Amino acid sequence: MGYARTNTVCMVGASAVAVTVEASVFKSSSKGADTVRMSGLPDNVVNQAQTRVRSAMANSALRFPDKSISVNFAPASVPTTGSAADLALAVTIMCADDLLPTERLADAVLLAELGLDGSLRAVPGTLPALMEARRSGLRTAIVAPENAAEAAMVADLTILAPRDLATLVAWVFGQTPLDPVPRPPAGEPPRLPDLADVRGQPLARRALEIAAAGGHHMLMIGPPGAGKTMLAERLPSILPPLSDAEAVEVTSLHSLRGRLTGGAAALLHHAPFEAPHHSITMQALVGGGNGSVGPGSLALAHRGVLFIDEAPEWPRSVLDSLRQPLECGEVRIRRANTSISYPAKVTLVLAANPCPCAPNRPADCTCPPLKRRGYLTRISRPLMDRIDLRVHLPPVPPSAILTDLSEAEPSGSVAKRVLRAREAAVSRWSESGESWGVNSEVPGPALRSARWRLPPPVRKPVDDLLLKERITARGYDRVLKLAWTIADLREHGSPTADDVAEAGGLRLGYPLR
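Structure, rendered in structure tokens:
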């Protein structure tokens, strides 16, 4: 009886788990010889791997053992999903049958799908998987050529990318050299759309700056051509660049969706921008599905912007699925045997026309009054209660369109103010022993506590709104958060009555009188 084991990594949601693939090959006296039995928690894709392994070995001039084979994925309690363990399974079986020496594979992680012709194919999640392999003490990674550039982003790992199983076997025997994949050079940061391209809309630009500085959600209402999409697309350009740790976290989520395979790959140091179509399903938006559970558009926008255009046209159930993740900054998906979570700290931007016919001028509207009033109510009240900024965009006047482009303030200038405001907030909250990164993360009770409670004359505008029931208790806390962000942008030590009044007007969608 022969025994061998190799290393691979399995993804459970956004978490990578190092997995040992064990194989025992032995002669059987029963009629069940030439069978492969798998233990652990393999899914259907893993159970079908033996078919891919048999064919890949046959087409690579390698002999599949004519014996009984027991395979175990350890820890057995970890769900083994997807095809990333194909290569490890094939190599482990060959080593257990003494067809392959194990010396060169002792500190290697094997991560690739096998084609029936023996070729190595890309798998999603290579970046987070290899980060976990490095933490586990492994020093060599064997991946598919399409994953080579992505794998090379992980430091302190020797990356090998053979084109097929036969080439890998020849390398193990020392017959064929494999050159390590070089680390990709640091590329130029991408050029993001600039705010200088937006014509007019000073109030919307102001709201966008506040949203960026405090991480506040935003709703824009205006006719087609008013600049809603342009503004949303330019929000990432005024957000601070991601730190190295944040870049790895965000890039790993995109790796899980297979967005880094093929060609050059680099860490995403800028805030991502996701703009799904209104026909998207709930599973595609928040994650999940009937097969493997992967991150949806919400998680892919982590530490960036999720833009929902034509929000009233979306199914209400799909939009309402955002409510819980917006509160906790995380998507939680529960299945019968497992629970999976993905980080989802996003800035949500909703856009809507004022009515279904969407005229350029309100006087041209052809909608019946009842239909016009009910259009925006397609967005549920609980979701609207989580929107801090509500801005009405008028049509862009011809004078703004004809203005010289150089007169508009560029994103770079706004981004500097946003960064200073965020640094002020982090400094303030860290002095009190808290780790809140932006004002939108501060719990309402903390702002109403004795330490941070604003004086009655300062908070009078928002107190009046609450007493007149024009805002909810959640809305009250969110106005206070907005006021702190406005104060940080104005470099005030704490909010003034004018800051609170502006925050209340932005919350309601019209100035307070």
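Just so it is clear: in the sequence shown, position 67 is 67 by the UniProt record's numbering, and no numbers are missing.
The beta-carbon is built from N, C-alpha and C at its ideal position, and this holds for glycine as well.
In this text the structure is predicted, and so the values were computed from the model without any measurement.
In the structure shown, Val250 falls within a helical segment according to DSSP collapsed to helix, strand and coil.
Assignment of beta-bridge partners to Cys365 by DSSP yields no partner. Residue environment: His277 is assigned as exposed (fewer than 16 neighbouring CB atoms within 10 Å of its CB, all protein chains considered). Here Met153 carries a coil assignment [DSSP, helix/strand/coil]. Inclusion of Val71 and Asn7 in the CB contact set at 7 Å is not warranted, their separation being larger than that value. In the DSSP assignment, Cys95 falls within the unbroken alpha helix (DSSP H) covering 86 to 96.
According to the DSSP secondary-structure assignment, Ala108 is paired through a beta bridge with Thr140. In this chain, the beta strand (DSSP E) harbouring Ile340 covers 339 to 343. Out of Arg417, Glu132, Leu419, the CA that lies nearest to the CA of Glu249 is found in Glu132. Segment contact: the stretch 240 to 259 against the stretch 413 to 426, three or more CB-CB distances shorter than 8 Å; contact assigned.
Of the candidates Pro398, Asp388, Arg420, Asp388 places its Cα closest to the Cα of Asp477. CA-CA distance, Asp309 to Ala351, rounds to 5 Å.
With respect to Arg104, Val172 sits close: the two C-beta atoms are nearer than 7 Å.
The C-alpha of Gly137 lies about 13 Å from the C-alpha of Val154. Taking 8 Å as the upper bound for CB-CB distance, Ala90 and Ala56 are in contact here, some 6 Å apart. In the three-state DSSP reduction, Tyr375 falls in the helix class (H, G or I). Between the C-alpha atoms of Asp179 and Arg54 there is a straight-line separation of about 28 Å. For Arg470, the closest of Pro177, Gly504, Arg459 by C-alpha to C-alpha distance is Gly504. The alpha helix (DSSP H) runs lying completely inside the stretch 200 to 285 and spanning 4 residues or more are 202 to 214, 228 to 234, 244 to 256, given in chain order. When DSSP states are grouped into helix, strand and coil, Tyr476 belongs to the helix group. Three or more Cβ pairs closer than 8 Å define a contact, and the stretch 179 to 196 falls short of that threshold against the stretch 318 to 338. Contact annotation: Asp98 and Gly174 have beta-carbon atoms that are not nearer than 7 Å. Note on geometry: alpha-carbon atoms of Val293 and Gly287 lie some 7 Å from one another. Per DSSP, reduced to three states, the secondary structure at Asn7 is strand. When DSSP states are grouped into helix, strand and coil, Val181 belongs to the coil group.
When DSSP states are grouped into helix, strand and coil, Val169 belongs to the helix group. For Ser430, there is no enclosing beta strand (DSSP E); the enclosing alpha helix (DSSP H) has its first and last residue at 411 to 431.
Assignment of Thr81 by DSSP, reduced to helix, strand and coil, places it in the coil class.
In the DSSP assignment, Met57 forms no beta bridge with any residue. Counting of Cβ neighbours within 10 angstroms places Lys345 among the buried residues, the total reaching 16 or more.
In the assembly as shown, Ala226 is a buried residue. Its beta-carbon has 16 or more other beta-carbons within 10 Å. With fewer than 16 neighbouring CB atoms inside 10 Å of its own CB, Asp156 falls in the exposed class. For Leu62, there is no enclosing beta strand (DSSP E), as DSSP marks it with neither H nor E. Separation of Pro443 and Thr261 (C-alpha to C-alpha, rounded to the nearest whole angstrom) is 40 Å.
Excluding residues up to 5 positions away in sequence, Ala49, Arg52, Val53, Ala112, Glu113, Leu114 lie with their Cβ nearer than 7 Å to the Cβ of Asp86 in the same chain. The Cβ neighbour count for Leu298, taken over all protein chains shown within 10 Å, is at least 16; the residue is labelled buried.
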